[in-house]
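J.: The structure under discussion is supplied below as structure tokens; questions concerning it will follow.
Structure below.
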């Protein structure tokens, strides 16, 4: 149960502390005094998101602290699993710093909002005025049926397996898509690899071909230069060899005079022999060099292929191009056939679906088993709230496909008057009828739940008089099994409280604040009388208030 709630710097609350009783606690006050602000602050304890807009003083830290007695709840294993220290008293604290950073603590241990939400969902349930719309929603109606059928664990087990099943189905679909894409990719890679294979490139081929092409293109210039060299060295009338031969003879005639002349003669003879060799090599080159248009065409075609593939694969050298070829080959070989894995996963999904369908049938049977009793119980409670001819009917149809809650499509239909057709709640129930129906269903569900604390925010909206008194009776009966905290404008409901808290606005020189205090017995009488007749209350209203409280 919720023992204490402390709030600081939240909305128009500066500092507030409330100690709650075990039974029925009522909170009243004028509209706009800040009753619902308490629920907003409590929402932080429940793990709801927050921002600095909730801070009245943006330079001061905002915090909400709630103290719970959890000794009667089986929560020790949860704390152990999350690596948290367990104690019978649980302190949940939520802080919001001026910079906007939010922190949450369980018994002074920092936790994530996800953990905070998990633990708080097992401690209290908040039913606000707008929550009457929830009973119109199919997921809420299904949750009601499951709670009353007592199959929470079975549905959770089914949902866990369904999540695994859906994950496996998505993986299977991904594998099939990947296999289809792989076949297309392999076909494309095979085309590219074959392009390289047919080309038969080798290392340094581009450089060698470019050199040969330059030589072939310059063949006529090479032949002309080499022929000219032969002519000038050995064939012309003034050929260099003839000149050297003449000079060598002249030098030979004086070589005996000095060794130096003899050496010069030898060097000249050597130059003659070297030039003769150069002439012969030039002759050979000239004889063997011809312009070969066909060879030039073939080399150009080969280089064009190289350049095209380099551009296609965005590389600049033959070495890089060969690297691309190797990478494509490796990538193609890396694609495996997924057929075997797909068949295995298809079998696994089929088995999982069969198991889920069996579970869904068992869950559906358990749900349908309580329909009649639920309908009768709700009718009995509606009768006590002056709706003698109002009935509900649970409609259940089977879906072909599995869902996270089974194969049941649950809809609660409502007939508010004698002879009225059963229609969906959104099409037939008025605001006051929804309030009463929501309380009836909520009270039945509460009896099937282990939640220690139930909080109602103006669940009596749209009703008054005797109906409101009976709603107070239902809330008081609920407080025998749960701690009940109720925000109300109804004097009939307020009269049933074990403790009565009054919320009011307090003006200071600089701002207006929300304040709260517990009322004494006499103050309760006066407050309820005000709710009946206005301020100041009449003697009749005071007498009526005492009568309501006595009942």
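Residue numbers (this note's numbering): 1484 to 2034.
Note that beta-carbon positions come from the ideal geometry of N, C-alpha and C, so glycine has one too.
In this text the structure is predicted, and so the values were computed from the model without any measurement.
1. Three-state secondary structure (DSSP) at residue 1821?
2. Out of curiosity, what's the CA-to-CA distance linking residue 2009 and residue 2018?
3. So, with DSSP's three-state summary, where would you put residue 1942?
4. What residues are listed by DSSP as bridge partners for residue 1501?
5. Which residue marks the beginning of the alpha helix (DSSP H) containing residue 1623, and which one marks its end?
6. Using alpha carbons as the reference points, say which of 1656, 1914, 1852 and 1957 lies closest to residue 1827.
7. Under the three-state reduction of DSSP, which class applies to residue 1884: helix, strand or coil?
8. Would you mind sorting residue 1711 into buried or exposed? The rule is 16 or more other CB atoms within 10 Å of its CB.
9. Where do the ends of the beta strand (DSSP E) carrying residue 1983 lie?
10. So, helix, strand or coil for residue 1684, using DSSP?
11. Any contact between the segment 1544-1553 and the segment 1508-1521? By contact I mean 3 or more CB pairs, one from each, below 8 Å.
12. From residue 1703 to residue 1774, what does the alpha carbon distance come to, in whole angstroms?
13. Quick one: what's got a C-beta closer than 6 Å to residue 1881's C-beta in the same chain, skipping five residues either side?
14. Take residue 1529 and list the residues in its own chain whose beta-carbon comes closer than 6 Å to its own, dropping the five residues that flank it on each side.
15. Inspect the CB distances between the segment 1980-1991 and the segment 1484-1494 and report whether three or more fall short of 8 Å.
16. Using alpha carbons as the reference points, say which of 1699, 1706 and 1759 lies closest to residue 1726.
17. Does the distance from the C-beta atom of residue 1957 to that of residue 1917 stay below 9 Å?
18. Express the C-alpha separation of residue 1524 and residue 1498 in angstroms, rounding to a whole number.
19. Under three-state DSSP, which class holds residue 1868?
20. Would a C-beta distance cut-off of 9 Å place residue 1596 and residue 1537 closer than the cut-off?
21. Rounded to whole angstroms, how far is the Cβ of residue 1970 from the Cβ of residue 1510, which I believe are closer than 8 Å?
22. Under 8 Å by Cβ, that's how I've got residue 1713 and residue 1762 pegged, so tell me the actual separation to the nearest angstrom.
23. Candidates 1924, 1897 and 1947: which alpha carbon is nearest residue 1915's?
24. CB-CB under 6 Å to residue 1717, same chain, minus the five flanking residues each way: which ones, in chain order?
25. Out of 1975, 1606, 1643 and 1674, which one is the CA nearest neighbour of residue 1811?
26. Return the residue from the list 1803, 1588, 2013 and 1888 that minimises the CA-CA distance to residue 1689.
27. Counting only runs of 4+ residues fully inside the segment 1948-1984, write out the alpha helix (DSSP H) ranges in chain order.
28. Anyone know if the C-beta pair for residue 1506 and residue 1982 falls short of 9 Å?
29. Given this structure, state the Cα-to-Cα distance separating residue 1495 from residue 1661, to the nearest angstrom.
30. Measuring only the C-alpha atoms, how far is residue 1612 from residue 1908?
31. Is it true that the CB of residue 1974 sits closer than 9 Å to the CB of residue 2028?
32. Leaving aside the five residues before and after residue 1634 along the sequence, list all residues of the same chain whose C-beta is less than 8 Å from its C-beta, in chain order.
33. Could you pull out every unbroken alpha helix (DSSP H) segment of at least 4 residues lying fully inside the segment 1703-1784, listed in chain order?
34. Give the DSSP-derived three-state secondary structure of residue 1613 in the structure shown.
35. Is residue 1512 closer than 9 Å to residue 1987 when the C-beta atoms are compared?
36. Could you name the residues of the same chain whose beta carbon sits closer than 6 Å to that of residue 1878, not counting the 5 residues immediately before and after it, in chain order?
T.: On the basis of the supplied data:
1. coil
2. 9 Å
3. coil
4. 1488
5. 1621-1632
6. 1656
7. strand
8. exposed
9. 1982-1990
10. coil
11. no
12. 6 Å
13. 1890
14. 1603
15. no
16. 1759
17. no
18. 12 Å
19. coil
20. no
21. 5 Å
22. 5 Å
23. 1947
24. 1724 and 1762
25. 1674
26. 1803
27. 1948-1961 and 1974-1977
28. yes
29. 58 Å
30. The predicted position of residue 1612 is uncertain, since its pLDDT is 47 and thus under 50; a value taken from the coordinates is nonetheless stated next. If I take the Cα positions, the gap works out to 16 Å.
31. yes
32. 1846, 1849 and 1850
33. 1723-1735 and 1742-1771
34. Model confidence at residue 1613 stands at a pLDDT of 43, short of 50, so the residue's coordinates are unreliable; what they give is reported in the following sentence. In the structure shown, residue 1613 sits in a helix (DSSP, three-state: H, G or I).
35. yes
36. 1894 and 1896
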